[in-house]
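Position in the sequence shown counted from 1, then plus 3, gives you our numbering.
Even for Gly, the Cβ is constructed at its ideal location relative to N, Cα and C.
Heads up, the thing below is written out as structure tokens.
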Amino acid sequence: AIRNKFVNQYPLEIGLYLTASGASCDAINTMHNAGISVCYKTVENYKKKIANVHPENIRKYFTEKNNSFFVYNLDDYHNIHRIRRPDTVFLSTAAHFATCV
């Protein structure tokens, strides 16, 4: 069962997947009531926690890897926060491209 104590991470993963897929708050809460997912508020709190910890994780990573050179290519940088749904023709359309060194 999905409410088993040994699979307690899966409902959160399902909630995160539903959010990333564009499911509404009501849809996620309905899945929660069915015992399949966590509630929408739990997903949002988890995402906020990750966002708050991320800058410190980045600083820690670069402090530990101080003798390395990193290049990141960001596809579609300016539209990175827009919801994009792939279809059978295009997976994404890059409007801008950025390189971080």
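Inter-residue CB distance, residue i and residue j (contact presumed, cutoff 8 Å)
i: S40; j: I17; result: 4 Å
i: I31; j: Y43; result: 4 Å
i: V46; j: T22; result: 5 Å
i: L15; j: Y49; result: 6 Å
Among the options, the one whose alpha carbon lies nearest that of residue i
i: Q12; options: C28, G38 and S24; result: G38
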